[in-house]
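Quick notes on the structure that follows.
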Amino acid sequence: MNALFNSVSNLGAATRKNIDSIGLATLFLLRIVSSLFTGLVSFKQVIKQIYFIGNRSLIVIIVAALFTGMVVALQFYDTLVRFGSVDLLGSAVALSLIKELGPVMTALMVIARVGSATCSEIGIMRNEQQFDALDCMAINSYRYVMLPRLLAALFCVPMLTAVFDLVGIGGGYIVGVHIQGESPGAYIQGVMDTISFKDVLVGQIKSLVFGLFIMWIPLYYGFYLHLNQKNMGAEGVSNGTTQAVVMSAIIMLFSDYIVSSLAL
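Position one of the sequence shown corresponds to residue 1 (our numbering), numbered consecutively onward.
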C-alpha cells in the first residue's frame with residue numbers, strides 16, 4: 001500500500017513540476033515579447049543573429065536539401081513507375097517538400113546547429129552571472145539578449161525553408177531527368193500545375209511556428225539553468241543543452257501535426 005501511495009505521490013510531483021515548467025516557460029516568452037514594446041531593439045544584435053542563424057546555416061541547408069530531394073525523387077520514381085505515372089514525379093516531389101519535408105528538415109537542421117549553440121551560450125552566461133550584471137546596469141536582458149535571437153529565428157527559418165524547398169526540387173530534377181530519364185518539361189510542368197499558394201502558405205506557417213519553438217525552448221533552458229543546482233557547471237550546461245534540443249524536436253514535430261491537421 002505504501003508503494004502505491006509513493007507511486008501516486010511521485011506521479012503527482014512530476015505532473016506539478018511539468019505544469020510549473022510550462023507556466024514558467026510561457027511567462028518567459030511573454031516577457032520577451034513584451035520587451036519589444038518597452039524600448040528600442042538593438043538592430044545590430046538582430047543583424048548579428050540573422051547572420052548566425054541564417055547565413056551560417058545556409059550551406060548545411062543546401063547540402064541537406066539537395067540529398068533529401070534526390071532521395072525523395074528516387075523513392076517516388078520507384079513507386080510511380082510501377083503504376084505508369086512517372087509524369088507525376090515533379091508534383092510528388094514538390095508537394096512533399098513544400099508541405100512537409102522542407103519545413104521539418106529545415107527545423108531539425110537549425111535545432112541541431114543553432115538551438116544547441118544558443119542554449120549552451122545562454123547557459124554559460126547564466127553560470128557566469130552575466131544576466132545579474134546586466135540587471136545591475138539596468139539593462140533589460142530580455143530585450144538585449146533574448147529578443148534579437150527570437151526575431152532573427154522568426155525571420156530566418158521561413159527563408160531557410162524556402163531555400164530548402166527550391167534546392168530539394170532541384171535535387172529531384174537531377175534524379176528524375178538526368179538519372180532516370182524523365183522529360184524535363186513533364187517534371188517542371190508537374191511542379192507548376194500542382195503547387196498552389198495554399199501549399200506554400202502552409203509550409204511557411206509551419207516554418208514560422210517551428211522558428212518560435214527552435215529559439216524559445218533553448219533560450220528558456222539556458223536562462224533558467226540555475227533553478228536546478230545539478231545543472232551548474234560545464235556538465236550542467238551540457239545536460240541542459242541536450243534537454244533543450246530533444247524537447248525542441250519533440251514539440252516541433254507535435255506542432256507539425258497540429259498545423260497539418262488544421263490546414264487540411
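Glycine included, C-beta positions come from ideal geometry on N, C-alpha and C.
CB contact below 8 Å: residue i versus chain B
{"i": "L154", "result": "Absence of chain B from the displayed structure is noted, only one protein chain being present."}
Exposure of residue i, with buried meaning 16 or more beta-carbon neighbours within 10 Å
{"i": "V33", "result": "exposed"}
{"i": "V81", "result": "exposed"}
{"i": "R56", "result": "exposed"}
{"i": "A107", "result": "buried"}
{"i": "R126", "result": "buried"}
{"i": "A244", "result": "buried"}
{"i": "D165", "result": "buried"}
{"i": "P158", "result": "buried"}
{"i": "I111", "result": "buried"}
{"i": "S35", "result": "buried"}
{"i": "G84", "result": "exposed"}
{"i": "A234", "result": "exposed"}
{"i": "G12", "result": "exposed"}
{"i": "A133", "result": "exposed"}
Chain-order list of residues whose beta-carbon lies under 6 Å from that of residue i (same chain, five-residue window excluded)
{"i": "D87", "result": "A186"}
{"i": "L24", "result": "none"}
{"i": "T161", "result": "G102, P103, T106 and S207"}
{"i": "Q180", "result": "Y77"}
{"i": "L29", "result": "W216"}
From the options, residue whose alpha carbon lies closest to that of residue i
{"i": "I62", "options": "I169, A14, L74 and T15", "result": "I169"}
{"i": "V167", "options": "H178, L66, R149 and I205", "result": "L66"}
{"i": "G240", "options": "I179, A133 and C119", "result": "C119"}
{"i": "I124", "options": "L108, S91, G211 and F223", "result": "F223"}
{"i": "L253", "options": "A162, P103 and C136", "result": "P103"}
{"i": "T194", "options": "C136, S35, S91 and L150", "result": "S91"}
{"i": "F210", "options": "L225, V191, V163 and L150", "result": "L150"}
{"i": "L95", "options": "S42, G190 and Q129", "result": "G190"}
{"i": "T113", "options": "P158, D78 and F52", "result": "Note that residue 113 is Arg in the sequence shown, not Thr. Ranking the options by Cα distance to R113, first place goes to F52."}
{"i": "Q45", "options": "V145, S21, S35 and V110", "result": "V145"}
{"i": "I188", "options": "Q180, R31, V60 and L89", "result": "L89"}
{"i": "Y257", "options": "M109, I205, Y220 and Y221", "result": "I205"}
{"i": "G39", "options": "L147, G115 and L29", "result": "L147"}
{"i": "V163", "options": "F43, F83, E121 and L58", "result": "L58"}
{"i": "F197", "options": "S255, D135 and A263", "result": "A263"}
{"i": "S260", "options": "S238, E121, V202 and A117", "result": "V202"}
{"i": "E121", "options": "K17, A14 and Y221", "result": "Y221"}
Any non-hydrogen atom of the ligand MG closer than 7 Å to residue i Cβ
{"i": "E100", "result": "The model on display carries no ligand, and the ligand MG is accordingly not part of it."}
Same chain only: Cβ atoms within 7 Å of residue i, ignoring 5 sequence neighbours per side
{"i": "V93", "result": "G69, V72, A73, F76, I169 and G172"}
{"i": "I50", "result": "A152, F155 and C156"}
{"i": "V200", "result": "I98"}
{"i": "V60", "result": "M109 and R113"}
{"i": "F131", "result": "M125 and S141"}
{"i": "R31", "result": "Y142"}
{"i": "P184", "result": "V177"}
Same chain only: Cβ atoms within 8 Å of residue i, ignoring 5 sequence neighbours per side
{"i": "I19", "result": "none"}
{"i": "V41", "result": "R143, L147, P148 and L151"}
{"i": "G54", "result": "A152, F155, C156, M159 and L160"}
{"i": "G115", "result": "I214, M215, I217, P218, A244, V245 and S248"}
**Message:** Measuring CB atoms only, is the region 198 to 215 touching the region 244 to 252, in the sense that at least three cross pairs come out at less than 8 Å?
**Reply:** yes
**Asked** For the region 149 to 159 against the region 86 to 101, are there 3 or more C-beta pairs whose distance is under 8 Å?
**Response** no
**Message:** Using 8 Å as the cut-off, can you tell me whether the region 135 to 144 makes contact with the region 175 to 195, which would need three or more C-beta pairs spanning the two stretches below that distance?
**Reply:** no
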